[in-house]
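Which chain is which? The protein sequence lines are A and B, in order. Residue numbers for the first sequence follow this note's numbering, beginning at 39 and rising by one. Residue numbers for the second sequence follow this note's numbering, beginning at 39 and rising by one. Built from N, CA and C at the ideal position, the CB exists for glycine as well. Some notes on the structure that comes next.
Number of protein chains: 2
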Amino acid sequence: MRPVSYEPIEGSRGVFEGTGTEESPRGVGEMAERARAAARALAPMPLQMRDAALEAIAVTLIVQQEVLLAANAVDLALADAMVATGELSAANRARLGLTAAKLAEMAAQVRAVGELPDPLGRRLDAIELDRGLDLEKRSVPLGVLAVIFEARPDAVTQISALALKSGNAVVLKPGREVERTAAALVELIREAVRSVGVPAEAVSVLFGREAVAELLTLSSLVDLVIPRGSRALVEHIQATTRIPVLGHADGICHIYVDREVEQELALAVIDDAKTDYPAVCNAAETVLVHEAVAGDFLPALVTRLGVKGVTLLGDSGVRDRLPRALAEQVGEVQDWHTEYGDLTLALRVVASLDAAIEHIHRFGSAHTESICTSDPAAAERFLQEVDAASVMVNASTRFADGFRYGLGAEVGVSTSRIHARGPVGLEGLTTTKYLLRGHGHVAGDYRGPGARAFTHRRG
Amino acid sequence: MRPVSYEPIEGSRGVFEGTGTEESPRGVGEMAERARAAARALAPMPLQMRDAALEAIAVTLIVQQEVLLAANAVDLALADAMVATGELSAANRARLGLTAAKLAEMAAQVRAVGELPDPLGRRLDAIELDRGLDLEKRSVPLGVLAVIFEARPDAVTQISALALKSGNAVVLKPGREVERTAAALVELIREAVRSVGVPAEAVSVLFGREAVAELLTLSSLVDLVIPRGSRALVEHIQATTRIPVLGHADGICHIYVDREVEQELALAVIDDAKTDYPAVCNAAETVLVHEAVAGDFLPALVTRLGVKGVTLLGDSGVRDRLPRALAEQVGEVQDWHTEYGDLTLALRVVASLDAAIEHIHRFGSAHTESICTSDPAAAERFLQEVDAASVMVNASTRFADGFRYGLGAEVGVSTSRIHARGPVGLEGLTTTKYLLRGHGHVAGDYRGPGARAFTHRRG
């Protein structure tokens, strides 16, 4: 068993050098150049080779568990000290730990990515431009990804697996509480992929703010940045790099209860959307209720959510429709564009479907919006007119997720409209390439007197 | 006939206010907000309505030609003065003028966009998540586009037509030499689209650097910036905005002449790729020749292109393979990453296909690359391994163009890997929306003991 090394360069932070026999990159720029070269070598590799790399990673997670647990123990000892001083919460500490069972689960996750259909080489279009001149549009890897993520060991293997499956090289920047674990994981991942002929430089890791800042300047070497984390992180990165960023800033999701509605259905949907997992971006933050049903519906809603410990906020329009005892449970709403991220829900009465859509467009984050209605016309209008990544009818906003959507794995959720929107699967890590096969065709022949005509036949 | 007004605000530059009866926006922010509202109103409008708007624009270009020619006459008078002082070239002056025939051609272009297939509402995916819980992924408009373009009147109508066809609102920033013409065109376009029920604010225009700079700060209101113009313009905009930019920085295209090649075919392809239209981005800048055929091929190439007036550049590897008389025609190449954009071509001898690919990756701009070969294995390797938006076999790089590719209309060419790559048609102006239709489905039912299973059936 080989030793795990963690040798930061230039003081205490920098890029991970590995202990392999290959030359080690001496800085962020060199690491990114090697990642670009690895990406170009990886791109044409067949599916079997990429899947073999994932299998090799899965195997090493089991075989090398002692190495990994030893590295993790160092992170945990430091984390315990941080918990003692209040620098780290117990909840965040709980995510850092590796066990044999956790490693087995991580290996299974990597194999599950291996079983997904190949996102590469899909024939997205095929057009005959003229006889013997055939155009094809194919899915190909993006190139080099930079992923900045939370302090979770399983994120290292999952992100590496997604990147390799889609033929991309990846530079990882893990949360600082798992740096030693991540370094050990990446070293083993590099050995594993090299053992099947995939370049080790396809996966690399760096630490520290300065190294990330340098990476984000390398717009010719990095094709996409994926920040996983807080809105502040995403916005900071968007503001400081010219590289495209895949991420979501906010999840201010609404549920609109229409005038024609099955009350029980709406209560169940809202309950789930708020309480199933309040901290995530697809949880609901605001419920809009049509004034025609507010007098009936609001008391039932406040009662049901009150039992679940939900803090309810509203304005006088809401309180006026509640018996005094329930009205007293509803605090004053401060604004309509807060992502509470906890068991807090804002309520508002609206005069119409139009007013609901207007509220959603004004205060929402275009993430996920849902209507509860038994009126098919209202449902269709909501689906058509609401401008968001996911728009739903009679379903909980919590379904907006790559796994639930059947994408197999979730790379992230995008509230951008560019490149990928909503839950992003492996497809979001691909781009396209036009392939044109001719027999000496020249453009000048298609112009002027006696010009040839394009056939433009789709095949 | 209504008068054309051009009333800049706040001194000499600003947004065009129009003379319609609607309230006029008083600044860039308000214009962008109105564009956002118009985009939301436009998005669900059916194809017939969007096409009716294009037809109304085509009609107004003919019916209102006197108004347009009068506005254009003012621009032309100013342009003539600029030509006299040397501020404007005669070639650029020639692009500014409107005539009845030119207006008819512009109307025909707008109608041609109307005849393209609808880019919206395409069902890109459909998955049953569970019984009664159906997910659909549809193409929808991006929202608000900002297009910064050259001083050409026809660009105003063409860009407006592409935006409206794809359900987007657009803010136009024309070159300053056509401001009066553009203002008149936009006013008529707004009237025309309003006449069929499409919001006039879907098309607006602004002038001056300060107004553009303000627009580029409005990242919550503008979804995509399309700069049409020089590399310097594209790079300046990329550096100054957080809004995604669709554009290409460079077109450094190569043709590689393989060791097994039909010499006549390669000569014809190179001739076309260099001389058909040297100023555009898909013209070739460098030819790489395999050393095994260089001794035969280079003399033939230098002779053929010399006759066409092409300035040839190379190094000693090239000159050593030429008879002295031809070697003297080949100047010294300064570097391998210049986009000449004129009748200049760099030549280099390479030792192998791998060396050619390495040169292309090192010095190319990932725009369009072509191989001339009769070896199918070399052709496939080149197609697979070369990382570029378009990769070709035995065809001129000049085919890399939206019209030739059968996309119907070209929004631009993208050398980005994100969102759209290569020639971009109407599809590049769309994004996606997930629609989920349920019957009270909640996420909590799919977890824990007795959990329901997703079916994830693609339909």
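Within the stretch 266 to 352 of chain B, complete beta strand (DSSP E) segments of at least 3 residues are found at 291 to 295, 322 to 328, 349 to 352, given in chain order. Shortest Cα-Cα distance from A138/B to any of A96/B, K203/B, G450/B involves A96/B. For I165/B, the residues of chain A that pass the 8 Å Cβ criterion are Y443, G444, in the order they occur in the chain.
Looking at the backbone, the Cα of A142/A and that of R133/A are separated by about 16 Å.
Positions of the beta strand (DSSP E) runs, each at least 3 residues long and wholly inside the stretch 362 to 398 of chain B, are given as 368 to 370, 382 to 388 in order along the chain.
At a Cβ-Cβ threshold of 8 Å, V209/B and I197/B do not count as neighbours.
Contact between A277/B and R280/A holds, with the beta-carbon distance rounding to 7 Å and staying under 8 Å. For I456/B, the residues of chain A that pass the 8 Å Cβ criterion are L180, D261, L262, P282, I456, H457, T469, in the order they occur in the chain. Under the 10 Å beta carbon count, T123/A is surrounded by fewer than 16 other beta carbons and is classified as exposed. Judged by DSSP secondary structure, R131/A falls within the alpha helix (DSSP H) whose first and last residues are 128 to 132. The three-state secondary structure of E125/A, taken from DSSP, is coil.
With its beta carbon less than 8 Å from one in chain A, E423/B belongs to the interface. Secondary structure note for D413/B: it is in no beta strand (DSSP E), with a DSSP letter that is neither H nor E. Comparing alpha-carbon positions, the option among V348/A, S452/A, G344/A lying closest to P316/A turns out to be V348/A. Residue environment for V345/A: exposed (fewer than 16 other C-beta atoms within 10 angstroms of its C-beta).
Within chain B, no C-beta atom comes less than 8 Å from the C-beta of M87/A; the nearest is roughly 13 Å away. Only H399 from the stretch 387 to 399 of chain B bring a Cβ to less than 8 Å from some Cβ of chain A. Excluding five sequence positions before and after L445/B, the CB atoms of its chain that fall closer than 7 Å to its own CB belong to P461, G463, given in chain order. With distances taken between CA atoms, T219/A lies nearest to L136/A out of V231/A, V295/A, L136/A.
For the stretch 192 to 207 of chain A, the beta-carbon criterion of a distance under 8 Å to any beta-carbon of chain B is satisfied by none of its residues. Only buried fits I264/A, as 16 or more other CB atoms lie within 10 angstroms of its CB.
Considering only beta carbons, the part of the stretch 300 to 330 of chain A lying closer than 9 Å to chain B consists of E300, E302, L303, A304, A306, V307, D309, D310, A311, T313, D314, Y315, N320, in chain order.
The Cβ atoms of L336/B and L360/B sit closer than 8 Å to each other. Inclusion of A389/B and H405/B in the CB contact set at 8 Å is not warranted, their separation being larger than that value. Residue-level contact by beta carbon holds for M430/A and chain B, with a gap shorter than 8 Å. Contact annotation: L473/B and L421/A have beta-carbon atoms nearer than 8 Å. Using a CB distance cut-off of 8 Å, S434/B counts as an interface residue toward chain A. At least one C-beta of chain B is nearer than 8 Å to the C-beta of P82/A.
A distance of 8 Å or more separates the beta carbons of V307/B and L385/B. DSSP places P191/A in the helix class (H, G or I) of the three-state scheme. Put simply, of P237/B, E252/B, A238/B the residue whose alpha carbon is nearest the alpha carbon of L244/B is E252/B.
In the DSSP assignment, K211/B is bridged to I186/B. Under the DSSP definition of a beta bridge, I264/A partners with V185/A. DSSP places A489/A outside both helix and strand once states are collapsed to three, so it counts as coil.
One alpha carbon belongs to V318/B, the other to G289/B, and they sit about 8 Å apart.
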